[in-house]
Amino acid sequence: MIKHLTFKSILSILWLSIIFISGCTNNASHVIDLSTDIKNTVEQTHEYLSITNTEYVNATDPNDGMSIKVYTYDLHTKMLNKMTDLPYNSQYPLTVVSLAENTIYYSGEGKNKGDELFAYDMKTRKAKQLSSNLFAINAIIPDVTENTLMMAAVQKGERPVKVMFLDKATQKISILNEQDSDTTTWDISYDPETEKAYAIQYSEEEQYEQMEKSNQTQKPMVPPSHTIIEISPVTKQTRTIITLKDEQILTLSTRGNQMLIATAKHINKLPIGYSLVDLKTGQRKELQLPIKASSELFLDKEGNGFYFLGEKGNGNTERGIYHYDMRTSEIETVFLQKEGFINNFTLISEPVSK
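Numbering (my numbering), first residue to last: 737 to 1090.
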């Protein structure tokens, strides 16, 4: 849905305005700059975070424009590595690093209006456009099955966000339920253990009806029903995991047999709730968490905690990427938003050799 993308873009701009008006501080300590000497780190890397951070090209001076700085954070060594800078020319900057491929997939400005999918080769330092008929991209998962990339994206001239699969060899895009003009996809997730993909979906028509009710009553907008489906990236077969009535599912993460979701009772309003869902039974268990995070939740490999983008809570409003341990309630800082704006991050799980 284009409104989703517009909201993300506006939110990004508002955050950037607040940050840059108040001034920026250096957040580059203990960062290794790999943009001039890309090394093959696949042998040492099993899991890492891919981070998109938007910053001014020349510190706090807006006259020289902005750039997208791409980082990885190794979950084993806890080292933050700067990979490269990319031009900021998309509606909403989105990047995902694949160390196994030495490639950064990202959203960039196409020849016509709208965002297209690009691949930046970190060895040759050259970018290649992979799509030609997209308007916007909400999410990128670099490898859901052999040589296949998954996206949540909008085609030119259409409204719904759809689940798409790109064959990297042929650059052909296949679209899940392509003829469905009512169902839109809010977010997607991938479980590297079960090799299944997941998507949050809702009805555009129902959302419009709820918006009309909100306008008429001048009350907060109640979300349309949200459904999470499981998708086989190979066969494209789907099954429903859970449907929540009058409740928005903001984001999701899956690992093994459990799914972590963030939810809200009204559109764009607090509070945010968090739950674990059993993927086999669909049973939901609500969690009491101090954090504030409405996007980017990723369960860790052990399933005992998760990484999130937001605030620690309990009076701490500093925005950043953190790890929350569900056993001890301890919160570990990964990457703080001190310079620029954290647009998004992704947890990538890759085999030792590929």
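Using N, Cα and C, we set each Cβ at its ideal position, and we do this for glycine too.
Closest residue to residue i among the options (Cα-Cα distance)
i: SER961; options: LYS1001, SER950, TYR842; result: LYS1001
i: ILE1078; options: HIS782, PRO969, TYR926, ALA1029; result: ALA1029
i: PRO1007; options: LEU1035, GLY1049, VAL1013, ARG975; result: GLY1049
i: GLU945; options: PHE1042, ILE936, PRO959; result: PRO959
i: GLN973; options: GLN1073, GLN943, TYR934; result: TYR934
i: SER868; options: THR860, PHE854, MET858; result: PHE854
i: SER950; options: ASP821, ASN1004, ASN1052, GLU837; result: ASN1004
i: THR860; options: SER803, GLU852, THR839; result: THR839
i: LYS1037; options: ASP1061, LEU822, MET858, TYR807; result: ASP1061
i: SER917; options: THR906, PRO928, ARG895; result: ARG895
i: GLY1051; options: PHE1071, GLU1066, PRO1026, ARG1063; result: PRO1026
i: LEU835; options: PHE1071, GLN952, ASN1080, THR820; result: THR820
i: PRO1087; options: GLU929, SER1065, GLN915; result: GLU929
i: TYR938; options: THR1064, LYS908, LEU980; result: LEU980
Cβ-based neighbour list, residue i, same chain, cut-off 6 Å, excluding 5 preceding and 5 following
i: PHE871; result: GLY850, VAL890, LYS892
i: LYS932; result: GLU966
i: ILE877; result: MET886, TYR926
i: THR987; result: ASP923, ALA998, SER1031, LEU1033
i: PHE901; result: THR884, MET886, SER910
i: THR1053; result: GLU1047
i: ASP982; result: VAL958
i: ARG1020; result: SER1011, VAL1013
Per-residue DSSP class, three states only, for residue i
i: ASN874; result: strand
i: GLN984; result: strand
i: GLN994; result: strand
i: GLN946; result: helix
i: GLU882; result: coil
i: ASN951; result: helix
i: GLU1086; result: coil
i: GLU941; result: helix
i: ASP916; result: coil
i: HIS962; result: strand
i: VAL778; result: Here VAL778 scores only 37 on pLDDT, less than 50, and its place in the model is too uncertain to base an answer on.
i: HIS812; result: coil
i: HIS1059; result: strand
i: SER867; result: coil
i: GLY1039; result: coil
i: ASN1080; result: strand
i: ALA1000; result: strand
i: PRO823; result: strand
i: ILE926; result: The amino acid at residue 926 is misidentified as Ile; the sequence shows Tyr. It is a strand residue.
i: MET887; result: strand
i: THR860; result: coil
i: MET900; result: strand
i: GLY850; result: coil
Residues near residue i by beta carbon distance below 7 Å, same chain, minus five either side
i: ASP769; result: At ASP769, the pLDDT of 46 sits below 50, so the modelled position is not reliable; the number obtained from the coordinates is stated separately. Only LYS818 meet the Cβ criterion.
i: GLY1039; result: ARG991, GLY992, GLN994
i: THR976; result: THR963, ILE965
i: GLU1069; result: Position check: residue 1069 holds Thr in this sequence, whereas Glu was assumed. If we look at THR1069 and ignore the five residues flanking it on each side, its Cβ neighbours are GLY1056, TYR1058.
i: LYS775; result: For LYS775, the predicted structure reports a pLDDT of 40, less than 50, and the residue's modelled location is therefore unreliable. A value from the coordinates is still provided. Nothing meets the Cβ criterion.
i: GLU852; result: GLY844, GLY846, GLN865, SER867, SER868, LEU870
Contact check, residue i vs residue j, beta carbons under 7 Å
i: GLU783; j: SER989; result: no
i: VAL706; j: PRO969; result: Residue 706 is absent from the model: the chain starts at 737 and stops at 1090.
i: GLU702; j: THR920; result: Residue 702 lies beyond the residue range present for the chain, which begins at 737 and ends at 1090; the question has no answer from this structure.
i: ILE936; j: ILE985; result: yes
i: GLU1022; j: SER1011; result: yes
i: THR831; j: THR790; result: no
i: ASN883; j: LYS904; result: yes
i: GLY846; j: SER826; result: no
i: LEU996; j: LEU785; result: no
i: VAL806; j: ASP800; result: no
i: TYR824; j: MET802; result: yes
i: GLY1009; j: ILE978; result: no
Assumed close pair residue i, residue j - CB separation to whole angstroms, cut-off 8 Å
i: VAL897; j: ASN874; result: 6 Å
i: LEU1035; j: PHE1042; result: 5 Å
i: PHE1071; j: LEU811; result: Contact flag wrong, Cβ pair sits at about 12 Å.
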